[in-house]
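Let me begin by presenting the structure, written as C-alpha cells, before commenting on it.
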Amino acid sequence: MEKRVRTRFAPSPTLPLHMGGVRTALYSYLFAKKNSGDFILRIEDTDQNRFVQGAEQYIIDALNWCSIVPDEGIGKGGKFEPYRQSERKPIYRQYAEQLIESGHAYFAFDTAEELEQLRKNAETEKRTFSYDASVRSLLNNSLNLNPDETAKRIAEGKHYVIRLKVEAGEEISFTDLIRGKVVFKSDVIDDKVLLKSDGMPTYHLAHIVDDVLMEITHAIRGEEWLPSAPAHILIYKYLGWENKMPYYAHLPLLLKPDGNGKLSKRDGDRLGFPVFPLQWKDPSSGEISTGYREKGYYAEAFVNMLALLGWNPGTEQEVFSLDELTQLFSFEHIHKAGAKFNPEKTKWFNEQWLQRMNDVEIANRLSTQIANSRKDLTYFIKAVALLKPRVQFENEMLEKGKYLFEAPENYDEQVISKKWKPDLKPFFNSLVAAFASLNDFANSNIETTFKETTAANNLKPGEVLQLLRVFISGQGTVLIYFQCLNYWAEMKWLLD
RNA sequence: GGCCCGUUCGUCUAGGGCUCUAGGACAUCUCCCUUUCACGGAGGAAACACGGGUUCGAUUCCCGUACGGGCUACCA
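If you use the working numbering, the first sequence corresponds to residues 3 to 498, in order.
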C-alpha cells in the first residue's frame, strides 16, 4: 500500500512570511490535499540569533487568512509534537553522534574567527575556501587529533561543531519532482555543519531528522535549496534512511517585476506593491510593511494569483478557488524557470473575484464603513450593483461612488461657470418635480422623463446633462448618471 | 571564480518532432457599445536567445555558446 502523503511547510520565524513563502506553503498544501494527505506546519527556529518576536504568530495568521490551514503542527498539535525545532533540540544530537560513530561525521574545533581568516586569505588569492575533503586534514578536527585529545577537549568544554564527512570522488544524484534527474560531484560539497557549537542543529540535519520522524513523503521547497540537496541525500544515506527519504521538489523562484533577482521586501517598497500577505510591524524598528489584506485584496484572489505564478492547469481557465486548485494541482505543470511577479495582473485577479462576490455580502460590509449612514441595506445593495463592475477593489466603491452615499462637499466650478445660466433654473425645478412624481425608477423611465423635460423646456440634453452630473456628484465627469438617479429619493441635496 | 538550475510575446504562460500562419491572459493600441466612467464586444502590434548536430522534418531531442538566476555561513 502506498504511504499516506504528508507534506510540510517549514519556515523559520526570522522574517515575516513573504509571498514566495506563501506560495511554497500553498503548493505543499495543494499537493497534500489533492492526495488526501496531511499538511504539516513546522517551525524551524534553530537560529537563536535571528529570532524575531511575533514572526511565528504572523506565519500562523497569514496561512489562516489564505485558508492554507495545517492538519497538524504549530497551533494545531498532532502526534509528532513538538513541532518547534528549538523544543526538539535533544533529538538531533543523537543522530549527529550516530554519524560520528559510523565515521560519517567528526568534531571540528576551528573557531569562527579562524575560518573567517582562512576565507579571507583564500579570497586575496582569488580562491574560495571550502571546508571539505581537500583541506580537512589540515584543520583542527577530530580526524587529525588522537581520540584522547578529542575527548579531552570536549571534556574541557571547548567549543566544537559536528561536521558531515563528505567523501570525495563520488557522484550523487537524485530525482527532483520538477527537474528530473540532477547530478552532482561530491567534491564540490563541503563538510556541512550538522550541529552548531550552541548544540542546535543546522537546517541540514534538523529538516532531515524531522522529515523522517514526522513521516514526510514530499519535501517541497524553494530552488535556493537545490545546491545543498546532494548533501542532504548523503545524510539520509549515512543515517541509513535511504528508504525513508521523501521526494524532493524544488520550486522555481519568484523574481522581482523589473530587472532580475529574487523578489524581496525592498521591491515592494520601491515599486509600491505588498510583498507580505498581512501587514507587518517590525518589532525592533517599528517600520510597517503593508499587506495584501490591508490593501484590500481578497485572500481568494491572492491565493489564486500565487497558484498561477509558476503553475498552470493546462487549460485556459485562470480563476480558481482553493478547492478547484486542489483538484487540479500537479507537479508536472510547474514551470521550471523563475517567475517575475506582476502586480498589475494581481489586481486583475482581485477584480475577477470581486465580480464574483455576492452583492449583499459586499453591501453588508460597506454599510458598516460609513459612519451615521441613514441609507438602508437595500440602498447599499443597489449601489453595489452599480459600482461593482467599475472597480477592482471592494473599498474602491466607497471612494469612486462617494456621491451615492453623501452630498458632495464641493462642486466642479469650471463646469458650472461654463454651463450654468440663471434661466436654466426653471428647467431644473421642473426636472426635480418630474422626478419626484415618478414612482417607478426604472432606468428608461428616468431617461424618458429627463428627455421629455428637456424637450418641454426647449433644451438639448447636452446643454444640461453635464450640469446635472455636477449637481449630483460634484464632478463633471463621473461614473454614472441615469442609473444613479434610481436613488433620486435619497438625493435631497439636489433640491437646493 | 566554482557548482547547480533555467531560457516561448513587455509580463505570466500553453504547446514537448510534422496539426505552429506558435494559442490564452495581464498590460498596451484601434474601433464598436455608451451623450459620462467602467463592464462588454471586435480587431491590432508583440515571442520560440544564438550556433551546431540528430531527423524526411525541429519551437519541441542532443551538444556548445550567450544570457539570467540560485548557492558557495556554526542563516534558513
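Glycine included, C-beta positions come from ideal geometry on N, C-alpha and C.
If you're wondering where the values come from, they're calculated on a predicted model, not measured in any experiment.
1. Whose C-alpha, out of 117, 350, 16, 226, is nearest the C-alpha of residue 282?
2. So, at 6 angstroms on beta carbons, what are the nonlocal neighbours of residue 307 in its own chain, with the 5 sequence-adjacent residues on each side left out?
3. With distances taken Cα to Cα, identify the nearest neighbour of residue 44 among 379, 345, 221.
4. One question on the structure: do residue 194 and residue 233 come within less than 8 angstroms of each other, judged by their Cβ atoms?
5. Helix, strand or coil, according to DSSP, for residue 241 in the structure here?
6. If you compare alpha carbons, which of 457, 108, 166, 135 is closest to residue 499?
7. Could you check which residue in 330, 183, 243, 276 has the C-alpha nearest to that of residue 252?
8. Do you know how far the Cα of residue 42 is from the Cα of residue 72?
9. Taking the alpha-carbon positions, what's the residue 495 to residue 411 distance?
10. Which first and last residues belong to the beta strand (DSSP E) in which residue 554 is found?
11. Out of 362, 339, 93, which one is the CA nearest neighbour of residue 214?
12. Based on Cα-Cα distance, which residue from 426, 171, 340 lies nearest to residue 261?
13. Report the residue from 422, 236, 257 whose alpha carbon sits nearest the alpha carbon of residue 185.
14. Work out the CA separation of residue 333 and residue 299 for me, nearest whole Å.
15. Assess contact between the region 94–103 and the region 162–171, defined as three or more Cβ pairs (one per stretch) separated by less than 8 angstroms. Is contact present?
16. Use the C-beta contact count for residue 390: other C-beta atoms within 10 angstroms, 16 or more gives buried, fewer gives exposed.
17. When DSSP labels each residue in this structure, what does residue 411 get in the three-state scheme?
18. If you follow the alpha helix (DSSP H) that residue 362 is part of, which residue opens it and which one closes it?
19. Can you list, in chain order, the residues of its chain with a C-beta nearer than 6 angstroms to that of residue 301? Leave out the 5 residues immediately preceding and following it.
20. Report yes if the C-beta of residue 456 is less than 7 angstroms from at least one heavy atom of the ligand GDP; otherwise report no.
21. In terms of residues, what are the limits of the alpha helix (DSSP H) holding residue 168?
22. If contacts are defined as beta-carbon pairs under 8 angstroms, then residue 311 and residue 343 qualify, I think. What distance do you get, rounded to the angstrom?
23. To which residues of the same chain is residue 21 closer than 6 angstroms at the C-beta, ignoring the five residues directly before and after it?
24. Can you check DSSP and say which residues form a bridge with residue 187?
25. Excluding the five sequence neighbours on either side, which residues of its own chain have a C-beta within less than 7 angstroms of the C-beta of residue 227, listed in chain order?
26. May I ask you to report which of helix, strand or coil DSSP gives residue 257?
27. Determine the DSSP secondary structure at residue 114, reduced to helix, strand or coil.
28. Provide the residue span of the alpha helix (DSSP H) that contains residue 65, from first to last.
29. Report the three-state DSSP secondary structure of residue 264 (helix, strand or coil).
30. Out of 472, 336, 402, 379, which has the shortest C-alpha to C-alpha gap to residue 179?
31. Please say whether residue 27 and residue 11 have beta carbons closer to each other than 8 angstroms?
32. For residue 240, tell me which candidate among 47, 106, 139 has the shortest Cα-Cα distance.
33. Under three-state DSSP, which class holds residue 178?
34. Going along the chain, which residues of its own chain have a beta-carbon closer than 6 angstroms to the beta-carbon of residue 249, five neighbours each way excluded?
35. Among 471, 231, 258, which has the Cα closest to the Cα of residue 414?
36. Please go through the same chain and pick out, in chain order, the residues whose beta-carbon is closer than 8 angstroms to the beta-carbon of residue 296, but skip the five residues on each side of it.
With the structure as the only source:
1. Reading the first sequence from its first residue, position 280 is the one you call residue 282. Out of 117, 350, 16, 226, 16 has the C-alpha closest to the C-alpha of residue 282.
2. Taking the first sequence and counting its residues from 1, one reaches residue 307 at position 305. For residue 307, where only same-chain residues beyond five positions count, the Cβ hits under 6 angstroms are 348, 351.
3. Residue mapping note: residue 44 aligns to position 42 of the first sequence, counting from 1. Looking at 379, 345, 221, the one whose alpha-carbon comes closest to that of residue 44 is 221.
4. Along the first sequence, read from residue 1 onward, the residue named residue 194 stands at position 192. Along the first sequence, read from residue 1 onward, the residue named residue 233 stands at position 231. Judged by their CB atoms, residue 194 and residue 233 are nearer to each other than the 8 angstroms cut-off.
5. Here the question's residue 241 lines up with position 239 in the first sequence. Looking at residue 241 - three-state DSSP - the assignment turns out to be coil, as it is neither helix nor strand.
6. Any question about residue 499 goes unanswered here, given that the chain covers just 3 to 498.
7. Against the first sequence, residue 252 aligns to sequence position 250. Ranking 330, 183, 243, 276 by Cα distance to residue 252 puts 183 first.
8. Within the first sequence, the letter at position 70 stands for residue 72. Within the first sequence, the letter at position 40 stands for residue 42. Spanning the two alpha carbons is a distance of roughly 5 angstroms.
9. In the first sequence, counting from the first residue as 1, residue 495 sits at position 493. In the first sequence, counting from the first residue as 1, residue 411 sits at position 409. Any reading at residue 495 must be qualified, since the residue scores a pLDDT of 42, below 50, and its modelled position is unreliable; no value is offered.
10. No answer is possible for residue 554: it lies beyond the span of the chain, which begins at 3 and ends at 498.
11. Walking along the first sequence from the start, residue 214 turns up at place 212. Looking at the Cα atoms, 93 is the closest of the given residues.
12. As a first step, residue 261 is located in the first sequence; it is residue number 259 there, counting from the start. Minimum Cα distance to residue 261 is reached at 340.
13. Within the first sequence, the letter at position 183 stands for residue 185. Of the listed residues, the one whose Cα sits closest to residue 185 is 236.
14. Looking up residue 299 in the first sequence gives position 297. Looking up residue 333 in the first sequence gives position 331. So the alpha carbons of these two residues sit roughly 27 angstroms apart.
15. yes
16. Walking along the first sequence from the start, residue 390 turns up at place 388. With 16 or more Cβ atoms within 10 Å of its Cβ, residue 390 is classed as buried.
17. Mapped onto the first sequence, residue 411 falls at position 409. Correct three-state label for residue 411: coil.
18. In the first sequence, the residue the question calls residue 362 occupies position 360. Looking at the DSSP string, the run of the alpha helix (DSSP H) that includes residue 362 is 361–369.
19. Sequence index remark: in the first sequence, residue 301 carries index 299 (1-based). Hits under 6 angstroms: 67, 68.
20. For the structure depicted, the ligand GDP is absent and the ligand set is empty, with no information on it obtainable.
21. For the purposes of this step, residue 168 is taken as the residue at position 166 of the first sequence. Careful: residue 168 lies outside any alpha helix (DSSP H) and carries neither H nor E.
22. Start at 1 with the first residue of the first sequence, and residue 311 comes out as number 309. Start at 1 with the first residue of the first sequence, and residue 343 comes out as number 341. Correct: roughly 7 angstroms between the Cβ atoms.
23. If you number the first sequence from 1, residue 21 lands on position 19. Its chain contains 277 as the residues whose beta carbon lies nearer than 6 angstroms to that of residue 21, once the 5 sequence neighbours on both sides are disregarded; these appear in chain order.
24. As a working note, residue 187 is residue 185 in the first sequence. Residue 187 pairs with 173.
25. Within the first sequence, numbered from 1, the residue matching residue 227 stands at position 225. Closer than 7 angstroms at Cβ, skipping near neighbours: 252.
26. For this step, residue 257 is matched to residue 255 along the first sequence. DSSP places residue 257 in strand when its eight states are reduced to three.
27. Along the first sequence, read from residue 1 onward, the residue named residue 114 stands at position 112. In this structure, residue 114 counts as helix in the three-state DSSP scheme.
28. Counting from 1 along the first sequence, the entry for residue 65 is found at position 63. Segment 57–67, the alpha helix (DSSP H) holding residue 65.
29. If you number the first sequence from 1, residue 264 lands on position 262. Residue 264: strand per DSSP, three-state reduction.
30. For the purposes of this step, residue 179 is taken as the residue at position 177 of the first sequence. When each option's Cα is compared against that of residue 179, the closest is 336.
31. Numbered from its first residue, the first sequence carries residue 11 at position 9. Numbered from its first residue, the first sequence carries residue 27 at position 25. Taking 8 angstroms as the Cβ cut-off, residue 11 and residue 27 qualify as a contacting pair.
32. Translated into the one-based positions of the first sequence, residue 240 becomes position 238. Distances from the CA of residue 240 to each of 47, 106, 139 were compared; the closest alpha carbon is that of 106.
33. Within the first sequence, the letter at position 176 stands for residue 178. In this structure, residue 178 counts as strand in the three-state DSSP scheme.
34. For the purposes of this step, residue 249 is taken as residue 247 along the first sequence, with counting starting at 1. Excluding sequence neighbours, residue 249 sits near 179, 220.
35. Along the first sequence, read from residue 1 onward, the residue named residue 414 stands at position 412. With distances taken between Cα atoms, residue 414 lies closest to 471.
36. Here the question's residue 296 lines up with position 294 in the first sequence. Around residue 296: 276, 280, 281.
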